[in-house]
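As structure tokens, the structure follows; a few thoughts come after it.
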Ligand code: XLS
Ligand code: NI
Ligand code: NI
């Protein structure tokens, strides 16, 4: 049985001139760029929730996709056919990784025990599929937001019993991740936030969240998890104010509660833009703190103010992201997870291929462009120049070493007079980036 009859064999690389819509133009997994293959640089992961479980439903209407999998009335049979389809898709796309929430791969049962049993059953099957296909788990996570018990939050719920249910779920999702060799485990604060401060004890909820993360990190160690624990910031949705607002807020929270050494962050493009940042801003904030672990790749819509999770096709944005990733020497055991969904109207299964192919080609091309920009020092040279005085002049060095004082600086300002006026050259720099993006200076 095949779930994707339009695609007979793995998507081939055919080069930039190909007219075949089911081929890669830039993503050539064996091509070496700066000492590593494209597959090593770009550890793409398909996300199970959007790609396998997405239904096309929105707030105005129910499912619009009629998938040939997951239709059985028995929930385990439905989970099994979904997993068959998932691994067929991963294999045909030629992707190395996938990501899931516990509830994406297995249904919830009527009790904690039954739920654990259902998850174990599906984890066994996933393990066998991974061994057959060589596809690996990038990260696992627990869905702590869909069940009605989590309406007022999971770790930040006013009821400790809800906290305990969330803890039970994370324990088992962590076990599943370890069992499947996942290199990461993600905490996205689903409903950890508030819609009104009138019923919210902000101080208490933050304490609860910190306690939860400490417990989870302790358990991860106990369970033999050797990968990276990641927090995924998002400013809003589903709550009005999510506690992990953006990278800076999340890092400050981790620092405040003694968690900074235990967690890194997973930065999603559309979440950064919802926080009114560019994606590269949030990536850089995390990276300079040494805490950038993984990326959720997608894009928003400039005309809509919510998390539209569209497939990433914006080369300029992907290039800026790859500059940060290459700038820190890669993502280690992190990768690029497609937290993206096809539009409600794109209901054919072949649309899933078009969407992922476009995203993979965009990042492959961005890798080449960013690598060339770095090799040529096209941005780093003017940047170093701009800050040269802090490195070269005595007073600059003293400021950075905190070896001066306001009176000394006053005396310096009085003797040295007015500073030179120097242009920031923004437009010239934008043109340089475009030169690379348009192809004139990029390696094809
Ligand atoms: C939702 C989040 C979610 C996480 C995993 O907005 O992006 O999909 O990536 O829980
Ligand atoms: Ni999102
Ligand atoms: Ni995400």
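In my numbering, the protein residues as written are 642 to 1085.
We treat Cβ as the ideally placed atom computed from N, Cα and C, and that holds for glycine.
Would you kindly work out how many angstroms separate the C-alpha atoms of residue 1010 and residue 956, rounded to a whole number? 9 Å
Within the chosen definition, does the stretch 692 to 706 reach the stretch 751 to 762 through at least 3 CB pairs nearer than 8 Å?
no
* Indicate the three-state DSSP secondary structure (helix, strand or coil) for residue 1071 in the structure shown. => helix
At a cut-off of 8 Å, would you count residue 978 as near ligand 2, judging by its Cβ distance to the nearest heavy atom?
no
Under 8 Å Cβ to Cβ from residue 1069, same chain only, skipping five residues before and after it: list those, please. none
Classify residue 994 as helix, strand or coil using the three-state DSSP reduction.
-> helix
Taking 9 Å as the cut-off, decide whether the C-beta atoms of residue 825 and residue 871 are in contact. yes
| Length at least 4, wholly inside the stretch 860 to 919: the alpha helix (DSSP H) runs in chain order | 888 to 897 and 910 to 915
For residue 666 and residue 656, which I take to be in contact (beta-carbon distance under 8 Å), what is that distance rounded to the nearest angstrom? 6 Å
**Message:** Looking at the secondary structure, which residues open and close the alpha helix (DSSP H) in which residue 968 lies?
**Reply:** 956 to 968
* Go ahead and pull the three-state DSSP assignment for residue 743. => helix
field: Proximal residues to residue 878 (C-beta, below 8 Å), its chain only, five neighbours per side dropped
entry: 915, 947 and 948
- Per the contact definition of three or more C-beta pairs closer than 8 Å, is the stretch 822 to 841 in contact with the stretch 781 to 795? yes
Short Cβ contact (9 Å threshold) for residue 790 with residue 803 = yes
Could you check the C-alpha separation between residue 901 and residue 843 for me, to the nearest Å?
21 Å
**Study point:** For residue 840, the residue or residues it bridges with in DSSP
**Key:** None; residue 840 has no bridge partner.
Item to check | the stretch 746 to 759 / the stretch 711 to 725 touching (three or more Cβ pairs under 8 Å) | outcome: yes
Distance check for residue 926 and residue 1067, CA to CA, integer angstroms please. 21 Å
### Minimum C-alpha distance to residue 731 - residue among 808, 645 and 860
645
Expressed to the nearest angstrom, what Euclidean distance is found between the alpha-carbon atoms of residue 817 and residue 707?
29 Å
Just how far apart, CA to CA, sit residue 964 and residue 972?
12 Å
TODO: Could you tell me the distance, in whole angstroms, from the CA atom of residue 966 to the CA atom of residue 702?
DONE: 39 Å
Express the C-alpha separation of residue 678 and residue 1025 in angstroms, rounding to a whole number.
29 Å
- chain D contact for residue 1065 (CB, 9 Å cutoff): The structure shown contains no chain D, having only a single protein chain.
Exercise for review: Return the first residue and the last residue of the beta strand (DSSP E) that residue 978 is part of.
Suggested key: 977 to 979
At the level of alpha carbons, what is the spacing between residue 940 and residue 683? 17 Å
### Message
By the DSSP assignment, the alpha helix (DSSP H) with residue 1090 in it spans what residues?
### Response
No answer is possible for residue 1090: it lies beyond the span of the chain, which begins at 642 and ends at 1085.
- prompt: Hey, which unbroken runs of the alpha helix (DSSP H) at 4 residues or more fall wholly within the stretch 1012 to 1052?
  reply: 1021 to 1027, 1029 to 1033 and 1035 to 1041
Between residue 782 and ligand 1, is there a pair consisting of the residue's CB and a ligand heavy atom that are separated by less than 8 Å?
yes
(Q) Buried or exposed for residue 1043, going by 16 or more other Cβ atoms inside 10 Å? (A) exposed
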